[in-house]
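For any residue, its number in this note's numbering is found by taking its place in the sequence shown, counting from 1, and adding 225.
Worksheet for the structure shown next.
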Amino acid sequence: MTDLGLGGAAARMKVRLGVALLFLAALLPAGAQAQTAGAERPPAQVGVITVATQDVPRSYTLPGRAIAYEQADIRPRISGVITEVLYAPGQPISAGAPMFQLDDVTARADLRSAEATVGSARAQVNVSKSALDRAERLVNSGVTQADLDAARADHEKALADLQSAEAALEVAQTQLSWTRISSPIAGVAGLANLSVGDLVTANQTEALATVTRLDPIDVDVFAPAARMLQLRDEIALGTLRAADQMNLTVTLENGQTYASRGTLVASGSEVSTSTGTVDYRFRVSNPDNRILPGMFLRGELEVGTAPAILVPQMAAIRDRQGALTVWVVQDGKATQKPITSTGSYGAAWVVMQGLTDGETLVVDGMSNLKPGDAVSPVPVTISDSGVVIDQPTQAPAASE
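Put into structure tokens, the structure is as follows:
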């Protein structure tokens, strides 16, 4: 009996100990929760700007290529042997400047022969004129009408022979002048394709050299026909105000923006069947000859202005499908919104849908945001390059 009593007391002691442990276990989570609540961080500070609709220039970046404003292939007009190269390749040359000299011995001999023929024809004209005058004076004194008619015919033939001789003289003079080959335009002369001693023929296929005018220079850009149709539709609807004059900003192959802007001089009248594009030609001042014919370029074409909201590119997030989203502050909480962009302007997206005037856009400090997070907005300034100038002060870390 005594053993049974002791056993009962031990069992009651074990029950009391279990209840105490359960009570302590219930108290521990409450204490931990209180400690967590006490260490909860304040709302995250985020840099924000207030968005507003503004007139944004609409531009498109198009591929292009430089085309010479003027270019002349130098070819001989007569056959002959080159005796001298009269220009320095790669140097500026004026219009009419001599470039090649051909052997002119035969041309000079032909000229002297033509000059002699003219002299003989003039003498014959004088003789026939004297005979005609004499026949006209003596027509009633022994000179028959037939003799007078013959004298007149001889004189007219002499005049015709003189005209023919003078024409041959002009041809001979021209042939001699063609032995010196000159540039028809001003520009920069290229390398000579032939040298002294080479035989050339009249109007041969191969050019002796090429002269290119480099200032100004033309730039052809190629715009998709579908995009041009869209522009016309937007202008017709009034959502895009067309520019008074289309200008082109040129970017060189090394990425540098060229100082001079191009003005439109001609637009294509048909669509390329191979590329589906329309050509537009712009003329660009090129005093330093930095742009050379044949260079591949990029041209930013300004077509007008349209009302839109500019969103710094650093403030937008692009998902795997390519869609853009931004964070805005609504009632002190972070909210994510999708936006629709028609392109970029500087360091900003041109947003047509998704935002309204006066909304508070988060531009800094959104890397760890989640929808519904409490935030403390701090106005900041964005530079033209899209960099935050005035950054919000970060909240101090909670002490342990």
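C-beta atoms are modelled at their ideal positions from N, C-alpha and C, and glycine is treated no differently.
This structure is a prediction, so every number in the text was calculated from the model and none was measured.
I'd like to confirm the pairing. Which residues does DSSP put opposite residue i in its beta bridges?
i, result
"residue 553", "560 and 586"
"residue 608", "DSSP output for residue 608 lists no bridge partner at all."
"residue 472", "488"
"residue 274", "586"
"residue 482", "476"
"residue 505", "446 and 492"
"residue 574", "536 and 569"
"residue 295", "438"
"residue 465", "Note: residue 465 sits in no beta bridge, so no partner."
"residue 395", "Note: residue 395 sits in no beta bridge, so no partner."
Among the residues of its own chain, which have a CB less than 8 angstroms from the CB of residue i, if the five just before and after it don't count?
i, result
"residue 477", "483, 515, 516, 520 and 522"
"residue 404", "303, 305, 326, 327, 328, 329 and 332"
"residue 496", "450, 502 and 503"
"residue 314", "414, 415, 416, 417 and 434"
"residue 338", "397"
Looking only at its chain, what residues have a beta carbon closer than 7 angstroms to the beta carbon of residue i, apart from the 5 residues adjacent to it on each side?
i, result
"residue 298", "432 and 435"
"residue 449", "501 and 502"
"residue 347", "387"
"residue 575", "281, 533, 535, 566, 567, 568 and 569"
"residue 596", "559, 560 and 561"
"residue 300", "428, 429, 432 and 433"
"residue 400", "303, 332 and 335"
Please return the same chain residues whose Cβ sits closer than 6 angstroms to the Cβ of residue i, not counting the five positions on each side in sequence.
i, result
"residue 577", "533, 565 and 567"
"residue 417", "310 and 434"
"residue 343", "390, 391 and 394"
"residue 472", "486 and 527"
"residue 539", "611"
Within 10 Å of its beta-carbon, does residue i have 16 or more other beta-carbons around it, so buried, or fewer, so exposed?
i, result
"residue 272", "buried"
"residue 559", "buried"
"residue 542", "exposed"
"residue 524", "buried"
"residue 250", "Any reading at residue 250 is ruled out, since the residue's pLDDT is 48, under 50, leaving its predicted position unreliable."
"residue 454", "exposed"
"residue 625", "Because residue 625 carries a pLDDT of 41, less than 50, the predicted location of this residue cannot be relied on, and no value is offered for it."
"residue 604", "exposed"
"residue 396", "exposed"
"residue 451", "exposed"
"residue 287", "buried"
"residue 614", "exposed"
"residue 438", "buried"
"residue 367", "exposed"
"residue 284", "buried"
In whole angstroms, what is the alpha-carbon distance linking residue i and residue j?
i, j, result
"residue 590", "residue 282", "29 angstroms"
"residue 407", "residue 424", "17 angstroms"
"residue 307", "residue 320", "21 angstroms"
"residue 512", "residue 569", "31 angstroms"
"residue 279", "residue 535", "8 angstroms"
"residue 461", "residue 509", "30 angstroms"
"residue 378", "residue 409", "45 angstroms"
"residue 442", "residue 292", "7 angstroms"
"residue 357", "residue 345", "18 angstroms"
"residue 475", "residue 493", "19 angstroms"
"residue 413", "residue 323", "13 angstroms"
"residue 373", "residue 351", "16 angstroms"
"residue 267", "residue 583", "26 angstroms"
Is there a Cβ from chain C that is less than 8 angstroms from the Cβ of residue i?
i, result
"residue 387", "The structure shown contains no chain C; it holds only a single protein chain."
message: In chain order, what are the residue ranges of uninterrupted alpha helix (DSSP H) at least 4 long that sit wholly in the segment 316 to 382?
response: 330 to 362
- prompt: Taking only runs of the beta strand (DSSP E) that begin and end inside the segment 515 to 552, which ones reach a length of at least 3 residues, in chain order?
  reply: 521 to 537 and 541 to 543
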